[in-house]
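Worksheet: the structure to be examined is printed underneath.
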């Protein structure tokens, strides 16, 4: 039986939320560190270098004090993976092993097309894998993978495959499964030849590497030619499912290992990742045939403090590592660079010397970024000339002046001193000169936001009555009796419109028999602005209980503010009437009264 979206039982949703602790779920996407009662990390919804994203286990909600996004575990999945409400519930139910009846909801044509394309990719992954293992045409591809040191177990784990070198096999297979040719071309699954207008398999004659999204669903393919021809590697074209600048190869399998190691290893190619993974180095990912993008760098930074770049040991690999390292450093990531011998790549090193040698001699001996940079810098100077050696030291000094750690800076100064026969005193003086030059340019705000200090800061910026309303709403969210007291005294008579709406929703929530539960309350709020404010209020910290006199002080302040605002409205109407009756003296007296009340409001 298929159930409609609007028939989802509240009890079922609550069971799913309880089975998916928000700290665990968010922790799969964000590196969280506990500070006090809450967890903090870099916000996955906007770029930042210092954490302003907070998760509370007690209330089962999240909130970013930088961009304002907030909600419960379902809201988080909707935001982070662009899911509908039903899709988020289904994902969380599956994650927790909770059986759900088949749900149905209105689907856009775009969503239906994406579902169809995902199904086509799934069938094609199985088809290519079958051809590799069980067809005569696939034997050549199978032998190639075995020659590259890839085992049967790894072939199965990565579902590697082979595309027959035939124009019709793949098309006939997909058409028999009920897929339309036009959709397959549009999604880049099949290729339309410009000259002949013939539809073909773009990967024919290639070993296939399925490219999966974060959910482990194939959304594209990479193909490696095993005979003569160009290009050697070929990717699926960009589509609604596949954005090569936003995905990382093997991220779905590596993610849990990345979190465990608090470290990611970034490679250039699929085979490098597969070779490392097979050797037990499972926190490995790769870009998809392009340079590392800002999006991918920020994605890695959300998960780890440290990223090791392991590119080929040739000049092109060193240049690419330099660019990737700078991009990762801009996100606040600690970067190390694995130093491969010139002319080698990770895959060939592992095949020749083994996984243990690769782990111990390459990965564990990765050099800090500053060591790498100084080595990279040397390429621009001719050390046989004294003037060039001096220029190099000057360039090195400019970089070392940027290092915040005095211990680390001293280490590199001693290296320069020993190699180039400069006294440490001279080098230190040059560092101080360079730091004085750089200082005016380095007036960056730290933007370190803790939720308590953030809330207090905001309190100081707001009028007293506004802070009083926020305080009351905070306590009303925590305590049903306080909500009842506020309802009895002023009802929804708050002066800020959004506060009125939240209070009204909250009174209705408690009247339905619910106990304080912010995560459940957020399910009743559909307006993003109101939802954002509720999470912000709920995440504000107040370590002391509110006393009865304090509660009444807030209520009296709000009531008086409302009374004075009404008085101003009434006086303005009287002023308008006096002006119409051509009574300037009376109008002036009223204006004076209005000004007096406004002064009181301003000073309150």
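In full-length UniProt numbering, the protein residues as written are 1 to 604. Backbone N, C-alpha and C define an ideal beta-carbon position, used for all residues, glycine too.
Secondary-structure assignment with DSSP links residue 54 through a beta bridge to 40, 63. With 16 or more other Cβ atoms inside 10 Å of its own Cβ, residue 128 counts as buried. As computed with DSSP, residue 218 is found in a beta bridge with 212. The Cβ atoms of residue 223 and residue 234 lie closer than 7 Å to each other. Excluding five sequence positions before and after residue 334, the CB atoms of its chain that fall closer than 7 Å to its own CB belong to 305, 306, given in chain order. Taking the Cα positions, residue 422 is about 28 Å away from residue 336. In the DSSP assignment, the residues bridged to residue 307 are 264, 335. Between the segment 201-208 and the segment 71-88 there are fewer than three C-beta pairs closer than 8 Å, too few to call the two in contact. Counting only runs of 4+ residues, the alpha helix (DSSP H) found wholly inside the segment 226-309 occupies 251-261, 270-278, 294-303, in chain order. Exclusion of the five residues before and after residue 490 leaves 555, 558, 559 as the residues of its chain whose Cβ lies within less than 7 Å of its Cβ. In this structure, residue 500 places its C-beta atom within 7 Å of the C-beta atom of residue 494. Under DSSP, residue 34 shares a beta bridge with 39.
The beta carbons of residue 231 and residue 188 sit no closer together than 7 Å.
Here DSSP, grouped into helix, strand and coil, assigns residue 192 to strand. A direct Cα-to-Cα measurement between residue 484 and residue 504 gives close to 12 Å.
Under the three-state reduction of DSSP, residue 470 is assigned to helix.
Counted as a single uninterrupted DSSP element, the alpha helix (DSSP H) harbouring residue 374 occupies residues 369-378.
Distance from the CA of residue 469 to the CA of residue 550, rounded to the nearest whole angstrom, comes to 13 Å. The beta-carbon separation of residue 247 and residue 281, rounded to 20 Å, does not stay under the 8 Å limit for a contact. At the C-beta level, residue 271 and residue 347 come within 7 Å of one another.
Taking residue 351 as the centre and dropping the five residues before and after it, the same chain places the C-beta of 149 closer than 6 Å to its C-beta, in chain order. The segment 51-66 makes contact with the segment 17-29; the number of CB pairs closer than 8 Å reaches 3 or more.
Under the three-pair Cβ rule at 8 Å, the segment 379-386 does not count as touching the segment 295-305. In the assembly as shown, residue 466 is a buried residue. Its beta-carbon has 16 or more other beta-carbons within 10 Å. In this structure, residue 52 sits away from residue 70, with a CB-CB distance that is not shorter than 7 Å. The C-beta separation of residue 32 from residue 23 comes to about 7 Å, placing the pair in contact by the 8 Å criterion.
For residue 95, same chain residues with a beta-carbon under 7 Å away, outside a window of 5 residues either side, are 20 in chain order. Taking the C-beta atoms as reference points, residue 284 is found no nearer than 7 Å to residue 249. Counted as a single uninterrupted DSSP element, the stretch harbouring residue 495 is not any alpha helix (DSSP H), since DSSP gives it neither H nor E. In this structure the segment 133-148 does not touch the segment 175-190; the number of beta carbon pairs closer than 8 Å is below three. Around the beta carbon of residue 592, a 10 Å sphere encloses fewer than 16 other beta carbons of the protein chains shown; the residue is thus reported as exposed. In the three-state reduction of the DSSP assignment, residue 343 falls in the coil class, being assigned neither a helical nor a strand state. DSSP lists 225 as the bridge partner or partners of residue 206.
By the C-beta density criterion, residue 345 is buried, having at least 16 other C-beta atoms within 10 angstroms. A buried status is given to residue 575, since no fewer than 16 other beta-carbon atoms sit within 10 Å of its beta-carbon.
Residue 163 sits away from residue 226, with the two beta carbons spaced by 7 Å or more.
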